[in-house]
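If you're matching positions, the sequence shown starts at 157 in our numbering and goes up one per residue. For every residue, glycine included, the Cβ atom is placed at its ideal position computed from N, Cα and C. Treat the numbers as computed from the prediction; the structure is a model and nothing was measured. Shown next, in structure tokens, is the structure this report addresses.
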Amino acid sequence: MSQNKRPLSPFMLGSDYKLQVTSVMSFLHRASGAALVLVLLVLGAWFIALAAGPKAFATMTAVITNPLMALLVMAGTFAACYHFCNGIRHLFWDAGKGVDIESAKKSAKIVKIAAPVLAVLLILVGLVA
157 MSQNKRPLSP FMLGSDYKLQ VTSVMSFLHR ASGAALVLVL LVLGAWFIAL
207 AAGPKAFATM TAVITNPLMA LLVMAGTFAA CYHFCNGIRH LFWDAGKGVD
257 IESAKKSAKI VKIAAPVLAV LLILVGLVA
């Protein structure tokens, strides 16, 4: 611990650590990345079923078109949009832009607004198409 009694790492959650927007956004970025891996596994299974023949494809399509899967697709869409928007934020940080506290908070607000808006737009386009 440093002299001001704060932990050195944002993942050392304890009584001395105050949860910050940047640490929450970082955790959500990792969680959305993990969710995208699961989405890609389902998509991969669908492509494997497509290659396996009509019967396997019909079975997998029935699984994917289940109403519960529709909710998972929507959650996956939000995860992808969040990961995309927050990834752009990280690219700016990698370029040395917006790394001060106020800019980080402002970009976090932008991501919190942009990700759900983009997800809803994509879901609506998917429903119409």
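The alpha helix (DSSP H) with residue i in it runs from where to where?
i    : result
G200 : 177-208
Taking 7 Å as the limit between beta carbons, can you name the residues of its chain near residue i, skipping five residues before and five after?
i    : result
R245 : S263, V267
G189 : H239
G282 : none
How many whole angstroms separate the CB atoms of residue i and residue j, which I take to be in contact at a CB cut-off of 8 Å?
i    : j    : result
T233 : A275 : 5 Å
L196 : C237 : Going by Cβ atoms, the distance from L196 to C237 rounds to 15 Å, so no, they are not a contact pair.
A226 : F213 : About 19 Å; that fails the 8 Å criterion.
Within the same chain, show all residues whose beta-carbon is closer than 6 Å to that of residue i, passing over the 5 residues directly before and after it, in chain order.
i    : result
A191 : A235
Leaving out the 5 sequence neighbours to the left and right, which residues in its chain are closer than 8 Å to residue i when beta-carbon positions are compared?
i    : result
V177 : A260, K261, A264
F240 : A271, L274
A201 : M216
L184 : Y238, N242
Fill in: Those runs of the beta strand (DSSP E) which lie wholly inside the segment 219-279 and span at least 3 residues
none
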